[in-house]
Amino acid sequence: MRMAFYIALAAVVLALLAAQVGLLGGQQPADLGVKDGRLKPPSGTRNSVSSQSPLYPEHPQRSYATIDPLPFKPGGAAASMRALDGVLRSMPGITVVNQRADYLYAQAQTRWLKFVDDVEFWVNPATGVIELRSSSRLGREDFGVNRQRIEAIRKAYLATP
Numbered sequence: 351m352r353m354a355f356y357i358a359l360a361a362v363v364l365a366l367l368a369a370q371v372g373l374l375g376g377q378q379p380a381d382l383g384v385k386d387g388r389l390k391p392p393s394g395t396r397n398s399v400s401s402q403s404p405l406y407p408e409h410p411q412r413s414y415a416t417i418d419p420l421p422f423k424p425g426g427a428a429a430s431m432r433a434l435d436g437v438l439r440s441m442p443g444i445t446v447v448n449q450r451a452d453y454l455y456a457q458a459q460t461r462w463l464k465f466v467d468d469v470e471f472w473v474n475p476a477t478g479v480i481e482l483r484s485s486s487r488l489g490r491e492d493f494g495v496n497r498q499r500i501e502a503i504r505k506a507y508l509a510t511p
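Last residue of the sequence shown? That's 511 in this note's numbering, and every number before it is there in order.
Have a look at this one:
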């Protein structure tokens with residue numbers, strides 16, 4: 351019993367040390383962005399959400415990954431992206447990395463283990479919404495973290511005038 355405790359304690363300490371030196375951050379995917387009116391597809395495992403997952407009807411995680419896009423603010427696309435930028439910059443652990451008039455890329459880092467998730471938003475002129483995608487870089491399961499993050503962003507975004 352005591353040996354199992356020491357092994358578990360050592361695993362926790364090693365994980366925290368690995369996190370502090372950046373070993374759990376993963377690599378930024380090279381294929382982020384908008385291509386042919388689409389963000390990157392959802393991950394093949396349960397660690398991402400995407401408002402565009404219905405565009406991939408045969409995708410194995412389509413039902414898990416599906417999440418609603420953000421509606422435009424009354425001021426249109428530009429006002430919506432300004433509001434979204436303000437929301438993201440106010441949230442702890444989120445860093446806006448790249449921003450254009452129709453696209454915003456941010457990274458979300460967890461507090462203790464420093465896992466990094468990639469979060470993208472794109473103004474879809476055809477549908478009048480902000481399409482979104484949030485995905486973990488590492489692991490096969492996110493335990494709903496990406497969905498919770500997007501819903502927290504949605505709540506703050508909708509509350510912004």
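Idealized CB from N, CA, C, for every residue including glycine.
Computed from a prediction, not measured in an experiment: that's the story for all the values here.
#1: Please tell me whether residue 415 and residue 400 are closer than 9 Å, where the distance is taken between their beta carbons.
#2: For residue 473 versus residue 453, is the C-beta spacing smaller than 9 Å?
#3: Put residue 378 into one of helix, strand or coil per three-state DSSP.
#4: Please look up how many angstroms separate the CB atoms of residue 328 and residue 480, rounded, as I've assumed it's under 8 Å.
#5: With distances taken from CA atoms, which of 377, 388, 410 is nearest residue 465?
#6: So for residue 402, helix, strand or coil by DSSP?
#7: Please go through the same chain and pick out, in chain order, the residues whose beta-carbon is closer than 7 Å to the beta-carbon of residue 433, but skip the five residues on each side of it.
#8: Measure the alpha-carbon distance for residue 353 versus residue 495 and round it to whole angstroms.
#9: With H, G and I counted as helix, E and B as strand and the rest as coil, what does DSSP make of residue 393?
#10: Does residue 498 pass the burial test, meaning 16 or more other C-beta atoms within 10 Å, or should it be called exposed?
#11: Taking C-beta to C-beta, are residue 388 and residue 411 nearer than 9 Å?
#12: Apart from the five residues just before and just after residue 437, which ones in its own chain have a Cβ nearer than 7 Å to its Cβ?
#13: Please classify residue 431: is it buried, with 16 or more other beta-carbons within 10 angstroms of its beta-carbon, or exposed?
#14: Using three-state DSSP, classify residue 463 as helix, strand or coil.
#15: Using 10 angstroms around the beta-carbon of residue 486, count the other beta-carbons present and answer buried if the total reaches 16, otherwise exposed.
#16: I'd like the span of the alpha helix (DSSP H) that includes residue 439, first residue to last.
#17: Taking a contact to mean a Cβ-Cβ separation below 9 Å, would you say residue 435 touches residue 447 in this structure?
Reading from the atomic positions:
#1: Against the sequence shown, residue 415 aligns to sequence position 65. Against the sequence shown, residue 400 aligns to sequence position 50. Cβ distance < 9 Å, so residue 415 and residue 400 count as in contact.
#2: Numbered from its first residue, the sequence shown carries residue 473 at position 123. Numbered from its first residue, the sequence shown carries residue 453 at position 103. A contact, by the Cβ cut-off of 9 Å.
#3: Indexing the sequence shown from 1 puts residue 378 at position 28. Correct three-state label for residue 378: coil.
#4: The requested residue 328 is not part of the displayed model; the chain covers only 351 to 511.
#5: Locating residue 465 in the sequence shown gives position 115, where the first residue counts as 1. Considering only alpha carbons, the answer is 377.
#6: Start at 1 with the first residue of the sequence shown, and residue 402 comes out as number 52. Residue 402: coil per DSSP, three-state reduction.
#7: Mapped onto the sequence shown, residue 433 falls at position 83. Answer for residue 433: 423, 507, 510, listed in chain order.
#8: Counting from 1 along the sequence shown, the entry for residue 353 is found at position 3. Counting from 1 along the sequence shown, the entry for residue 495 is found at position 145. One Cα belongs to residue 353, the other to residue 495, and the distance between them is close to 32 Å.
#9: As a first step, residue 393 is located in the sequence shown; it is residue number 43 there, counting from the start. Coil.
#10: For this step, residue 498 is matched to residue 148 along the sequence shown. Exposed is the call here.
#11: If you number the sequence shown from 1, residue 388 lands on position 38. If you number the sequence shown from 1, residue 411 lands on position 61. Taking 9 Å as the Cβ cut-off, residue 388 and residue 411 do not qualify as a contacting pair.
#12: Walking along the sequence shown from the start, residue 437 turns up at place 87. Closer than 7 Å at Cβ, skipping near neighbours: 503, 506, 507, 510.
#13: Along the sequence shown, read from residue 1 onward, the residue named residue 431 stands at position 81. Per the 10 Å Cβ criterion, buried.
#14: As a working mapping, residue 463 is identified with position 113 in the sequence shown. DSSP places residue 463 in coil when its eight states are reduced to three.
#15: Indexing the sequence shown from 1 puts residue 486 at position 136. With 16 or more Cβ atoms within 10 Å of its Cβ, residue 486 is classed as buried.
#16: Stepping through the sequence shown from its first residue, residue 439 is reached at position 89. It spans 427 to 440 - the alpha helix (DSSP H) in which residue 439 sits, taken as one unbroken run.
#17: If you number the sequence shown from 1, residue 435 lands on position 85. If you number the sequence shown from 1, residue 447 lands on position 97. Not closer than 9 Å, so no.
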